[in-house]
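*Asks:*
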Amino acid sequence: MPRETTPVIEGDLNGIGMRFGIVVAEFNDFITLKLLDGAKSALLENGVLESDITVAKVPGSFEIPVVADGMASSGNHDAVICLGAVIKGETDHYEYVSQGAAEGISRVALDNQIPVMFGVLTTHNVEQALDRCGGRKGNEGESCAISAIKTVNVLNQINNTG
Ligand code: INI
């Protein structure tokens with residue numbers, strides 16, 4: 080008797096025809112603009128058209144979820160990529176901003192049923208953030224863009240639209 084194979088859905092790295100929203104925080108923009116460069120380059124390298132990328136700037140990471148929700152609910156984007164840099168200071172502010180951003184972003188994804196990527200660095204110091212926006216540890220913006228394309232392709236297969 081022939082063995083059945085288990086169907087596995089895998090998202091490939093083909094972004095042709097996809098539309099993306101990017102929300103980027105201006106706070107710590109010496110980091111976040113590098114995340115934005117990384118995200119845009121990865122989208123363009125994988126077939127996304129420049130005209131299919133919309134960038135929205137917000138003051139800080141705490142404001143990312145509400146604008147990501149606006150983008151996600153507009154129906155104009157296949158996925159939203161959220162970029163920010165929360166760097167630990169001397170007060171508890173860091174905890175509230177990073178928690179608000181993380182919880183808000185995950186809620187936006189589930190409420191709208193589209194991928195909303197968490198590209199908000201939460202680090203103890205500037206050096207750790209620099210390492211992750213094109214330094215020794217790669218570029219989190221680029222990683223998010225790649226993950227976004229793959230996740231859209233997984234969802235498209237599940238919904239049979241891809
Ligand atoms: N916003 C950031 O994106 N990163 C930070 O490190 C940060 N710190 O440390 O304060 C930060 N604060 C601003 C915050 O996101 C809001 O813009 C502000 O609280 C107004 O809602």
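My numbering numbers the first residue of the sequence shown as 80 and each following residue consecutively.
Quick reminder that beta carbons are idealized off the backbone N, C-alpha and C, glycines included.
Contact defined as beta carbons within less than 8 angstroms: I believe valine 176 pairs with valine 165. What is the distance between those atoms, to the nearest angstrom?
*Replies:* Confirmed, about 5 angstroms.
*Asks:* From this set, Gly213, Leu209, Glu206 and Glu221, which residue's C-alpha is nearest methionine 196's C-alpha?
*Replies:* Measuring from the Cα of methionine 196, the nearest candidate turns out to be Glu221.
*Asks:* Could you compute how far the alpha carbon of aspartate 131 sits from the alpha carbon of proline 81?
*Replies:* Using only the alpha carbons, I get a separation of about 46 angstroms.
*Asks:* Assuming contact is defined by CB atoms lying nearer than 8 angstroms, are cysteine 161 and isoleucine 193 in contact in what I supplied?
*Replies:* No, the Cβ-Cβ distance between cysteine 161 and isoleucine 193 is not below 8 angstroms.
*Asks:* Rounded to whole angstroms, what's the CA-CA distance from threonine 111 to alanine 104? Just pull it up for me.
*Replies:* Rounded to the nearest angstrom, the two C-alpha atoms are 7 angstroms apart.
*Asks:* Does the beta-carbon distance from valine 134 to leucine 115 come in below 8 angstroms?
*Replies:* Yes. Within cutoff.
*Asks:* Does DSSP put phenylalanine 218 in a helix, in a strand, or in coil?
*Replies:* This sequence places asparagine at residue 218; phenylalanine is not what is there. Residue state, collapsed to three classes: strand.
*Asks:* Determine the closest residue to glutamate 169 out of Val231, Gly154, His203 and Leu189, with distance taken between C-alpha atoms.
*Replies:* Comparing Cα positions, the closest option is His203.
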